[in-house]
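Numbered by this note's numbering, the letters in the sequence shown go through residues 34 to 400 in order.
Input: a single structure, listed below in structure tokens.
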Amino acid sequence: MLRIDRRLLAHFDWPLLLLAIAVIMCGLATILSASHSTEALVGRALIQQTVWAGLGLIALLAACSFDYHWLDRYAYWIYAATLVLLIAVFVFGAWGGGARRWLRFGPISIQPSEFAKLALVVSLSSLLQRYAGEGSLSLRAVLLAALLALPPAALILRQPDLGTALVVAMTTGAVLLVAGLRLRWVAYAALIVLPVLPYGWQHLKPYQQKRVLMFVNPSADPLGAGYHIIQSKIAIGSGMLHGKGYLNGTQNRLNFLPEQHTDFIFSVFAEEWGFIGACMLLALYVALLLRCFVAVSRARDSFGVLLAFGLTAMIFGQVLVNIAMAAGALPVVGVTLPFFSKGGSSLLVCMTAIGLLMNISMRRFTF
């Protein structure tokens with residue numbers, strides 16, 4: 034099953050792989066900068082992320098080495114396995130940052146919510162492929178897709194992890210739209226969701242409520258709930274046009290900027306490299322996403338199209354949420370920047386997604 038057909042190697046998507054590696058290398062350099070000011074973290078964060086990058090490369094090659102239709106056959110088993118992991122978090126999970134999101138196996142920690150995103154895309158693609166040729170999705174198809182998406186979204190939100198739950202919702206919506214969701218159903222969903230928002234607000238954790246309120250007016254609590262976003266915006270703005278130079282970001286070095294390795298790593302990069310550097314990083318992400326869309330265009334069956342588009346939407350949604358959060362355009366929700374932030378599970382899932390996109394692109398000539 035894991036044997037690569039040599040005929041497919043001629044269609045190996047090197048540009049997609051090289052773009053992903055380029056973002057990872059920028060991320061490793063920024064992780065080194067984000068950790069060099071804290072003596073206990075010197076070298077350790079970089080070594081850990083480098084190891085995960087190597088594992089991610091292995092996962093990418095493995096994801097290229099089998100016919101992706103195998104995922105269609107076992108989609109719901111994969112989905113069920115990730116649900117079990119999400120449930121296990123509440124029993125055996127480790128606490129960190131006020132949330133219970135990780136499962137530890139000796140020295141290794143994994144975040145099941147990251148794998149749940151990938152499993153959801155696979156299961157949604159398997160489900161909706163049978164309806165994709167009808168021109169527009171039926172109400173039955175939309176309800177079945179919602180039933181697939183709600184359990185992992187609810188479990189992730191319960192951890193609590195509002196950011197990943199938001200990415201799950203965005204990815205689900207994107208897959209539904211490309212499968213043929215009628216726009217009027219979107220309007221109906223909005224009418225259903227709006228009355229439920231007050232109920233949902235009551236079930237947010239107090240710190241999550243504060244983060245949403247601070248999005249509107251962070252200066253109302255500059256040393257409390259508004260601290261993260263204020264320091265992030267200061268870091269980005271202080272980089273100005275050319276930046277302060279590599280390893281010279283003051284917000285980072287003086288530890289004013291929280292979560293430098295993960296949620297706010299874009300702020301570290303922008304402070305050191307300035308507006309020009311931030312634009313170059315965004316251009317790199319745009320090039321990566323455009324190459325992902327090339328894989329979508331090369332898919333030759335409904336399952337391949339939905340899977341490729343869902344994986345692309347998953348990466349895009351996470352990039353959008355993280356950078357918008359760091360810039361103050363969204364509330365602070367705690368989402369890593371794909372391929373860039375420190376986080377083994379996130380990097381492993383993103384590399385697997387790239388491998389599956391390459392898989393779909395490579396096999397366009399086998400139909």
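Note that CB positions come from ideal geometry on N, CA and C, so glycine has one too.
Local Cβ density within 10 Å of residue i, reported as buried at 16 or more and exposed below that
i: M313; result: exposed
i: I348; result: buried
i: L333; result: A small correction: the amino acid at residue 333 is Arg; Leu does not occupy that position in the sequence shown. R333 should be labelled exposed.
i: I225; result: exposed
i: S68; result: buried
i: W128; result: exposed
i: A362; result: exposed
i: R106; result: exposed
i: Y221; result: exposed
i: P140; result: exposed
i: Q341; result: For clarity, residue 341 is Ala in the given sequence; the question names Gln instead. The residue in question, A341, is buried, as its Cβ has 16 or more Cβ neighbours within 10 Å.
i: R137; result: exposed
i: R173; result: exposed
i: A328; result: buried
For residue i, the residue or residues it bridges with in DSSP
i: A132; result: G129
i: I143; result: L136
Contacting residues, own chain, Cβ-Cβ under 6 Å from residue i (five flanking each side not counted)
i: A303; result: I269, G272, A311
i: K375; result: I64, A78, Q82, H294, T295
i: T283; result: none
i: A17; result: Because the chain here runs from 34 to 400, residue 17 falls outside it and cannot be looked at.
i: S379; result: E147, T369
i: M203; result: G350
Rounded C-alpha distance that separates residue i from residue j
i: G76; j: V175; result: 48 Å
i: A73; j: A53; result: Residue placement at A73 is flagged as unreliable, the pLDDT there being 48, under the threshold of 50; the coordinate-derived value follows with that caveat. Cα to Cα, A73 sits roughly 29 Å from A53.
i: H275; j: V301; result: 14 Å
i: V365; j: V200; result: 13 Å
i: T369; j: A108; result: 26 Å
i: K277; j: I309; result: 12 Å
i: D194; j: P145; result: 11 Å
i: I111; j: S156; result: 8 Å
i: L188; j: A182; result: 10 Å
Residues near residue i in its chain [Cβ-Cβ closer than 8 Å; skip 5 each side]
i: V382; result: E147, F148, K150, L151
i: R191; result: F123
i: A402; result: Residue 402 is absent from the structure shown; the chain starts at 34 and stops at 400.
Cutoff 7 Å; reference residue i; Cβ partners in own chain excluding five residues on either side
i: A212; result: L161, Y164, A165, L170, L339
i: P184; result: L116
i: F326; result: T345
i: L290; result: Q264, S265, A268, Q284, F297, S300, V301
i: V354; result: G196, L199, V200, L363, V366, V368
Distance cut-off 8 Å: residue i Cβ against heavy atoms of the ligand HEM
i: M58; result: As presented, the structure is devoid of all ligands, the ligand HEM included, so that no description of it is given.
Inset, instruction - Note down, one range per segment and in chain order, each alpha helix (DSSP H) of at least 4 residues found wholly within the segment 283-356. - result: 283-286, 298-331
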